[in-house]
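Numbering (my numbering), first residue to last: 14 to 144. Note that beta-carbon positions come from the ideal geometry of N, C-alpha and C, so glycine has one too. Input: a single structure, listed below in structure tokens.
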């Protein structure tokens, strides 16, 4: 009887481990797709290799999609990234205190795209959506 319980417990733990591993791989794939789509919808260059991504968020339903990505980097790297990105290179930002808001003509079928830079903290928030 003890061997039977041990066998059932081992099978249960094995299945639980496989589910956990699958969820980790799915989450990593999902985050890569969110970044890729966000960059297309915002007409943005790849996020700098030196950037520290702090937030990748997806919202929406079957009829809407909304993505947020936040990262930090040096001021010079952020400026270079903004200048290299088609969506922001020719945009004059609206300045509100420490924030520079770049309203972008969205691409890839999106209806909204913006990049907000906090110049004091050297952080960037990208927000795009499709509905």
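Who are the near neighbours of residue i in its chain, counting only those whose CB is closer than 8 angstroms to its CB and skipping five residues on each side?
i, result
"residue 136", "67, 83, 84, 85 and 130"
"residue 44", "69"
"residue 102", "95 and 96"
Excluding the five sequence neighbours on either side, which residues of its own chain have a C-beta within less than 6 angstroms of the C-beta of residue i, listed in chain order?
i, result
"residue 121", "53 and 54"
"residue 141", "51, 54, 55, 80, 123 and 126"
"residue 78", "143"
"residue 47", "69, 71 and 80"
"residue 133", "111"
"residue 104", "115"
"residue 64", "84 and 86"
"residue 76", "none"
For the ligand COA, is there any heavy atom lying closer than 6 angstroms to the beta carbon of residue i?
i, result
"residue 122", "In the structure on display, the ligand COA does not appear, and there are no ligands present to speak of."
Thinking residue i and residue j are a contact (beta carbons under 8 angstroms), I'd like their distance in whole angstroms, please.
i, j, result
"residue 123", "residue 94", "Actually they are not in contact, since the Cβ atoms of residue 123 and residue 94 sit about 19 angstroms apart, beyond 8 angstroms."
"residue 126", "residue 100", "6 angstroms"
"residue 98", "residue 57", "4 angstroms"
"residue 106", "residue 113", "4 angstroms"
Could you check what DSSP says for residue i in three-state terms: helix, strand or coil?
i, result
"residue 133", "coil"
"residue 117", "coil"
"residue 39", "Below a pLDDT of 50, predicted positions are generally treated as unreliable, and residue 39, at 47, falls in that range; no measurement from the model is reported."
Cutting at 7 angstroms between CB atoms, please list the residues of its own chain near residue i, excluding the five before and the five after it.
i, result
"residue 61", "86, 90 and 94"
"residue 17", "none"
Legend entry - Sufficient close CB pairs (3 or more, under 8 angstroms) joining the region 68 to 76 to the region 90 to 100: no
Legend entry - Any beta strand (DSSP E) of 3 or more consecutive residues that is wholly inside the region 44 to 115: 65 to 73, 78 to 85 and 107 to 109
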